[in-house]
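Residues in the sequence shown are numbered consecutively from 5, following our numbering.
Okay, structure first, notes after.
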Amino acid sequence: MEVQAAGNEGQELEHRTALDEEALSKDRKGFGPGFQSSTARLFRGEYALISLVIVAYLLWSYRSWIGWINLVVLIFFAILPDLLAFIPIGLHSSREAERGSWPPWGASLYNTFHTILLWALVFTVAWIFLRAPYLPLLGWLIHITVDRSFGFTLRASK
Numbered sequence: 005m006e007v008q009a010a011g012n013e014g015q016e017l018e019h020r021t022a023l024d025e026e027a028l029s030k031d032r033k034g035f036g037p038g039f040q041s042s043t044a045r046l047f048r049g050e051y052a053l054i055s056l057v058i059v060a061y062l063l064w065s066y067r068s069w070i071g072w073i074n075l076v077v078l079i080f081f082a083i084l085p086d087l088l089a090f091i092p093i094g095l096h097s098s099r100e101a102e103r104g105s106w107p108p109w110g111a112s113l114y115n116t117f118h119t120i121l122l123w124a125l126v127f128t129v130a131w132i133f134l135r136a137p138y139l140p141l142l143g144w145l146i147h148i149t150v151d152r153s154f155g156f157t158l159r160a161s162k
């Protein structure tokens, strides 16, 4: 019975939070219309253009020759955000008791590795230590911008 009561309290809290947010949004009187969704065509188109610019820059930078090692490292960094997020989430979700559900920390972990802020920090630190931009890290940025251009934005926590 305690588990059911705790579940009901959680649902009630979510309901109250949703009502509070709705009331706040009605109280806010901003100038002009509301903001577009992050899945709007314009938003997605901008990220698609950013992705194309990054790919064009990489092609231009590697125009004379790209070695297999650089290509493999670029591809590795392009899939790194999903590896770092989905492997722990998948391992947790594969447990018998948790089968098919995301862990409570899943959205935070996913968002951490799919934000441009973390990529920028890693890129800057690599640039400082290597004294030159490390171009294969652009694979990570391409991953983020392509995700956003397809409408995959950051995950909402429950």
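Every residue, glycine too, gets a C-beta built ideally from N, C-alpha and C.
Assignment of Trp-72 by DSSP, reduced to helix, strand and coil, places it in the helix class. When the five nearest sequence neighbours on each side are left out, the beta carbons in the same chain lying within less than 7 Å of the beta carbon of Pro-92 are those of Leu-113, in order along the chain. For the options Ser-68, Ser-97, Val-126, the alpha carbon positioned closest to that of Pro-140 is the one of Val-126.
Counting every other CB atom within 10 Å of its CB across the protein chains shown gives Ala-160 a total below 16, marking it as exposed.
Per the Cβ contact rule, the stretch 33 to 52 is not in contact with the stretch 114 to 122 (fewer than 3 Cβ pairs under 8 Å). For the stretch 41 to 124, the full-length alpha helix (DSSP H) segments reaching 4 residues or more read 45 to 65, 72 to 97, 110 to 117 along the chain. Gly-155 and Trp-131 have their C-alpha atoms some 30 Å from each other. In the structure shown, Pro-140 falls within a helical segment according to DSSP collapsed to helix, strand and coil. If you ignore the 5 residues before and after Ala-52, its C-beta comes within less than 7 Å of the C-beta of Ser-153, all in its own chain and listed in chain order. In terms of Cβ geometry, Leu-158 and His-118 form a close pair [threshold 8 Å]. Judged by beta-carbon spacing, Ile-79 lies beyond the 8 Å limit of Leu-142, meaning their Cβ atoms are not closer than that value.
Excluding five sequence positions before and after Ala-44, none of the CB atoms of its chain fall closer than 7 Å to its own CB. Around the beta carbon of Gly-94, fewer than 16 other beta carbons sit within 10 angstroms, so the residue counts as exposed.
Nearest C-alpha to Ala-124 among Arg-103, Pro-108, Ile-148: Ile-148.
Between Ser-97 and Trp-106, the CB-CB gap stays under 8 Å.
Secondary structure of Leu-158 (DSSP, three-state): coil. Remark: C-beta atoms of Val-150 and Ser-65 do not approach each other more closely than 8 Å.
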